[in-house]
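Asker: Sending over a structure as C-alpha cells; questions will come in a sec.
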Amino acid sequence: MFNKQRISIILLIFISLLGMSQDPEFSQIYPGLLRLNPAFAGTGGRGRVSAIYRNQWPSLSSAYITTGAFYDQPVEFVHGGVGVQIINDSQGGNTFRWSSAALIYSYHLQAGRDMFILTGFQASLNQWSRSVNNLVLPDMIDNVGGIIYQTNEVIAGNNKLYPDFSVGFLANYKDIIAGISINHLAKPVISLSDSYKSQLSRKWSLFIRNTFRFSGSPADGFYISPGIFFKSQQKSEILKYGFTAGYDRIHIGAWISHDLDVTMNLLTLGLAMEISGLGISYSYDFAPWRTDLPVPVTGAHEFSLSVYLSGDKKIRNVRAINFSKF
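Per our numbering, residue 6 is the first one in the sequence shown, and the count goes up by one each step.
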C-alpha cells in the first residue's frame, strides 16, 4: 500500500513541476468568459460578477485547487467594456502556487446590421511561488514508516513576479459566435531558479458556438447550444465539444474533452440554475471509461456563482451577447 502512496506523491510532484508551463483551466465556460477570451468584457449588457472554485483530484490529500473571480461592465463612452480577473492556483498542497490579477478592455465594433467584431486586450501581474515546507523528497520516505525523515537536500523557497499580456477577437452574427485568443504574447520567463530558463509558451484558443432557439424569448425559452473549443499550449492540445440545453432558468450541459497529447478523454456533466439574477452552477469531470489508472487523476468538482448587477438600460456602442449559461 505504501508503494502506491509513494508513487502518488512522486507523480503529483512531477506533474506539478510540468504544470508550471501550463495554464490552469476551468471546465465551466460561462463564469470564466474573460478567461476564455478578453473580448467578452462588457458583453453581459450590464455589470456581471462571477466566482468559481475547482477541486481537481479530490480523493488525493494534495489536490489541485483553483479559484477565480471575475467582473466586467459595459462602458458606453469607450465603445466596449472593461473587466477585472483574479486567479489563484494551488498545486501539491500549496507546494506550488500561481496567482494572477488582470485588467481587461474590449472594443466593440458593429460591422453590419447583425454582425459585430470585438477585440479584447489583457494586461496582468502574476506570481509563481514555491514552498519548500510542503515538498516531499525521496530521502524523506521510509519504506515502512512513510514520511518520517528530514531531507538533506537544500532547496530555497522562491517567488517569481512577472507581467503578462493577452489579446482576443470575437465575431458575433445573430446567435453564432466564434473567437480566437492568444495568451502570453511576450512568453514571460517563469523560472524559480537562476540556473535554468523556463518560459511560458503561448496559448492559442479557438472556439465556435451556435444557439438554436425553439420557443419563448431569448432569455427564458427552450434552446440547444452546441460548440467546439480547441486549445494549444506547448505540447498540450485539447479538443472539447458538446452542448448546453436549457428551458426557462434551468440549464444542463455535457462536454467531452480530448487531450490529444496523452490520449486522456474526460466527460463533463453540469447543471446551472438562475434565481432572481443569481446563477448557480455545478459540474463534475470524470473518465468513466478509464478504470486502469493507478491514481484518481480524472475527477474534478467545480462550483460557480454569477450575479448580474442592476441596470436594464440599453447601452449604445456595446454588444450584449446572450451566451449559454454553462
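Built from N, CA and C at the ideal position, the CB exists for glycine as well.
At which residues does the alpha helix (DSSP H) containing Leu-39 begin and terminate?
Answerer: Here the alpha helix (DSSP H) through Leu-39 covers 38 to 41.
Asker: Kindly indicate which residue of Lys-208, Gly-73 and Trp-294 has the alpha-carbon position closest to the one of Leu-271.
Answerer: Ranking Lys-208, Gly-73 and Trp-294 by Cα distance to Leu-271 puts Trp-294 first.
Asker: Taking the C-alpha atoms as reference points, what is the distance between Gln-127 and Ala-292?
Answerer: So the two alpha carbons sit approximately 34 angstroms from each other.
Asker: Out of Leu-310, Leu-283, His-84 and Leu-114, state which residue places its alpha-carbon closest to the alpha-carbon of Leu-4.
Answerer: No information on residue 4 is available, as it lies outside the stretch 6 to 331 that the chain covers here.
Asker: Can you name the start and end residues of the beta strand (DSSP E) that Val-172 belongs to?
Answerer: 164 to 178 is the extent of the beta strand (DSSP E) around Val-172.
Asker: Just list the residues that DSSP pairs Thr-71 with in beta bridges.
Answerer: Beta-bridge pairing links Thr-71 to Arg-59 and Asp-94.
Asker: Between Leu-22 and the rest of its own chain, which residues show a CB-CB distance below 6 angstroms, the 5 nearest in sequence each way excluded?
Answerer: Residue confidence is low: Leu-22 scores 48 on pLDDT, short of 50, so the model does not pin down where it sits. Its coordinate-derived value is still stated next. For Leu-22, where only same-chain residues beyond five positions count, there are no Cβ hits under 6 angstroms.
Asker: Measuring CA to CA, which of Lys-330, Gly-49 and Pro-231 is closest to Ser-309?
Answerer: Nearest of Lys-330, Gly-49 and Pro-231 to Ser-309, Cα basis: Lys-330.
Asker: Taking the beta strand (DSSP E) that Gln-127 belongs to, which residues open and close that run?
Answerer: That run of the beta strand (DSSP E) goes 120 to 135.
Asker: Report, in whole angstroms, the separation of the C-beta atoms of Asn-164 and Ser-134, which I expect to be a contact under 8 angstroms.
Answerer: The pair is a contact, with the Cβ atoms about 5 angstroms apart (cut-off 8 angstroms).
Asker: So, Gln-61 versus Gly-304, is the Cβ gap smaller than 9 angstroms?
Answerer: For Gln-61 and Gly-304, yes; Cβs fall inside 9 angstroms.
Asker: Taking DSSP as the reference, what is the three-state secondary structure of Val-323?
Answerer: Correct three-state label for Val-323: coil.
Asker: Identify every residue that forms a DSSP beta bridge with Ser-329.
Answerer: Per DSSP, none; premise fails for Ser-329.
Asker: Given a threshold of 16 other Cβ atoms within 10 Å of its Cβ, counted over all protein chains shown, does Leu-17 qualify as buried or as exposed?
Answerer: Here the model assigns Leu-17 a pLDDT of 46, short of 50, so the residue's position is not dependable, and the following value carries that caveat. By the neighbour-count rule (16 or more Cβ atoms within 10 Å), Leu-17 is buried.
Asker: Got a sec, what are the start and stop residues for the beta strand (DSSP E) Arg-51 sits in?
Answerer: Where Arg-51 is concerned, there is no enclosing beta strand (DSSP E), given that its DSSP letter is neither H nor E.
Asker: Report back the beta-carbon spacing between Glu-81 and Val-323 to the nearest angstrom; my notes put them in contact at under 8 angstroms.
Answerer: That pair is a contact at about 6 angstroms.
Asker: Gly-86 to Asp-28, Cα distance in whole Å?
Answerer: Rounded to the nearest angstrom, the two C-alpha atoms are 25 angstroms apart.
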